[in-house]
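*Asks:* First residue of the sequence shown? That's 1 in the UniProt record's numbering, and the numbers climb one at a time after it.
Note that CB positions come from ideal geometry on N, CA and C, so glycine has one too.
I'd like to ask you about the structure that follows.
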Amino acid sequence: MKRFAGETPIGRKRRARKMARLLADTHPDAHCELDFTTPLELAVATILSAQTTDVRVNQVTPVLFRKYRSAADYASADRAEMEAVLRPTGFFRAKTNSLISLGQELLASHGGELPGKLDELVKLPGIGRKTANVILGNAFGVPGITVDTHFRRLTNRFGWVREDDPVKIESLVADLIEKRDWTMLSHRVIFHGRRVCHARKPACGACTLAAACPSFGTGPTEAAPAAKLLKGPRARELAVAAGVDPELVPAAAVLASPDADES
Ligand code: SF4
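This is the structure we're talking about:
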C-alpha cells in the first residue's frame with residue numbers, strides 16, 4: 001500500500017473517519033438487508049443467511065415466520081416440515097437443527113426470549129459473534145460491528161487493518177470509528193462491497209472513496225469500464241456521486257441484484 005505508506009495512527013484514524021463519512025453520503029439507503037420484525041425473527045434470518053444470499057432468505061422467511069412465531073414453536077417443530085421450508089437456503093438439515101435447538105435453549109434458559117447481551121447470545125445454538133453483533137445492532141439498538149466477508153475484504157483494502165481474523169478486525173475498527181456509528185458503518189461497508197468494491201473486480205474508477213483508498217487500482221481506474229461494474233438499483237446515482245457519467249452504467253447493472261455477488 002504505497003499510497004499511504006508513511007501514515008501515522010492519527011492520520012489513519014482521520015482518513016478512516018473521512019471514508020466513513022463518504023460511505024454515509026454514498027449509501028444513504030444502507031440498512032440490514034434481512035427482513036424481520038422481532039429479535040427472534042432477525043436471529044433466525046441471520047442463521048439462515050449462512051452460505052446463501054439475503055434475497056434467498058427473504059423469500060423463505062415469510063412462510064417460516066407465519067408458521068413459527070415463538071421460541072416454543074421452533075422448539076417443538078416437526079423436523080421434516082421445517083426442512084421442507086428451509087430447503088431453498090441450502091444446508092437445510094443443519095439449519096433446521098440450529099433453529100430447533102435455538103428454540104429449546106431459549107425456552108430452557110431465557111424464558112423464551114432472545115437475550116440482548118453479546119456473551120449470552122454467543123452461547124446460543126447457531127449464533128456466533130457475527131450473528132450476535134447483527135442482532136444487537138439491528139434488533140436491540142446496541143452498537144455492533146459485523147465482520148462478514150465484505151467487511152473483512154474492504155477494511156483491508158481501505159488500509160484500516162491488515163488482518164484476517166474477524167475478532168481482531170472488530171477491535172481494530174472499534175478503535176478507529178466512534179461507537180455510535182458502528183452498526184450503520186457495518187451496513188454501509190457491506191453495501192459498498194456488494195455494489196462497488198467487489199471481490200474480483202472492484203469499480204475503482206467509479207468509486208467515491210478513490211482519493212482516500214490505498215487500494216485504488218485494484219480494479220479498472222478508467223470511468224467507462226469501472227461504471228460497468230457498479231451494481232444495483234442506485235448504480236447510476238453511485239456513478240454520479242463518484243463524478244462519472246451515469247450513461248456509462250448499462251441497464252443490466254441497474255437490474256442486477258447486489259446480493260448475488262461473491263460473498
Ligand atoms: S478505490 Fe477500488 S479498492 Fe478502494 S474502495 Fe473503491 S473500489 Fe474498493
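Check each candidate in 71, 240, 219, 12 and name the one with the smallest Cα separation from residue 205.
*Replies:* Per the Cα distances, 219.
*Asks:* Can you give me the Cβ contacts of residue 180 inside the same chain, cut-off strictly under 8 Å, excluding the 5 residues immediately before and after it?
*Replies:* Around residue 180: 143.
*Asks:* Helix, strand or coil for residue 72, going by three-state DSSP, please let me know.
*Replies:* In the structure shown, residue 72 sits in a helix (DSSP, three-state: H, G or I).
*Asks:* So the alpha helix (DSSP H) residue 187 belongs to, where does it begin and stop?
*Replies:* Taken as a continuous stretch (DSSP letters only), the alpha helix (DSSP H) holding residue 187 covers 182-195.
*Asks:* Heavy atom of the ligand SF4 less than 6 Å from the Cβ of residue 37, yes or no?
*Replies:* False, no ligand heavy atom lies under 6 Å from that Cβ.
*Asks:* Looking only at its chain, what residues have a beta carbon closer than 7 Å to the beta carbon of residue 34, apart from the 5 residues adjacent to it on each side?
*Replies:* So the list reads 42, 45, 46, 49, 54, 57, 58, once near-sequence residues are dropped.
*Asks:* What is the DSSP secondary structure of residue 103, reduced to helix, strand or coil?
*Replies:* Residue 103 falls in the helix class under three-state DSSP.
*Asks:* The ligand SF4 and residue 22: does any heavy atom of the ligand fall closer than 6 Å to the residue's C-beta?
*Replies:* Residue 22: no, Cβ never under 6 Å from the ligand SF4.
*Asks:* Does the distance from the C-beta atom of residue 230 to that of residue 238 stay below 7 Å?
*Replies:* Going by C-beta atoms, residue 230 is nearer than 7 Å to residue 238.
*Asks:* Hey, how far is the Cα of residue 160 from the Cα of residue 211?
*Replies:* So the two alpha carbons sit approximately 15 Å from each other.
*Asks:* Quick check: what's the CA-CA separation for residue 124 versus residue 153?
*Replies:* Their backbone Cα atoms lie some 27 Å apart in a straight line.
*Asks:* I'd like to confirm something about residue 98: is its beta-carbon nearer than 6 Å to some heavy atom of the ligand SF4, or not?
*Replies:* Flag unset: Cβ of residue 98 not near the ligand SF4.
*Asks:* Give me, in chain order, the residues of the same chain whose beta-carbon lies closer than 7 Å to that of residue 233; leave out the 5 immediate sequence neighbours on both sides.
*Replies:* Closer than 7 Å at the Cβ level, and outside the excluded window around residue 233, lie 254.
*Asks:* What residue ranges within the segment 144-187 form continuous alpha helix (DSSP H) runs of no fewer than 4 residues, ordered along the chain?
*Replies:* List check, alpha helix (DSSP H) in window: 149-157, 166-176.
*Asks:* Is residue 238 near the ligand SF4, with its Cβ less than 6 Å from a heavy atom?
*Replies:* The answer is no for residue 238.
*Asks:* Around the ligand SF4, what residues have a beta-carbon under 7 Å from a heavy atom of it, in chain order?
*Replies:* Per the Cβ criterion, the list is 154, 157, 158, 192, 196, 197, 202, 203, 204, 207, 209, 210, 213, 215, 216, 218, 219.
*Asks:* Measure from the alpha carbon of residue 100 to the alpha carbon of each residue in 70, 132, 147, then state which is nearest.
*Replies:* Taking only the C-alpha atoms, the option nearest residue 100 is 70.
*Asks:* Taking residue 73 as the reference, give the member of 170, 51, 106, 52 with the closest Cα.
*Replies:* It is 106.
*Asks:* Helix, strand or coil for residue 22, going by three-state DSSP, please let me know.
*Replies:* If DSSP states are grouped into helix, strand and coil, residue 22 belongs with the helices.
*Asks:* Does the distance from the CB of residue 82 to the CB of residue 209 come in under 7 Å?
*Replies:* Against a cut-off of 7 Å, the Cβ pair of residue 209 and residue 82 comes out as no contact.
*Asks:* Rounded to whole angstroms, what is the Cα-Cα separation between residue 6 and residue 197?
*Replies:* Cα-Cα distance, rounded: 24 Å.
*Asks:* Exposed or buried, residue 28, counting other C-beta atoms within 10 Å across all chains shown (16 or more means buried)?
*Replies:* Flag for residue 28 reads exposed.
*Asks:* Leaving out five residues before and five after residue 215 in sequence, what residues of the same chain have Cβ atoms less than 6 Å from its Cβ?
*Replies:* Excluding positions up to five away in sequence, the list reads 157.
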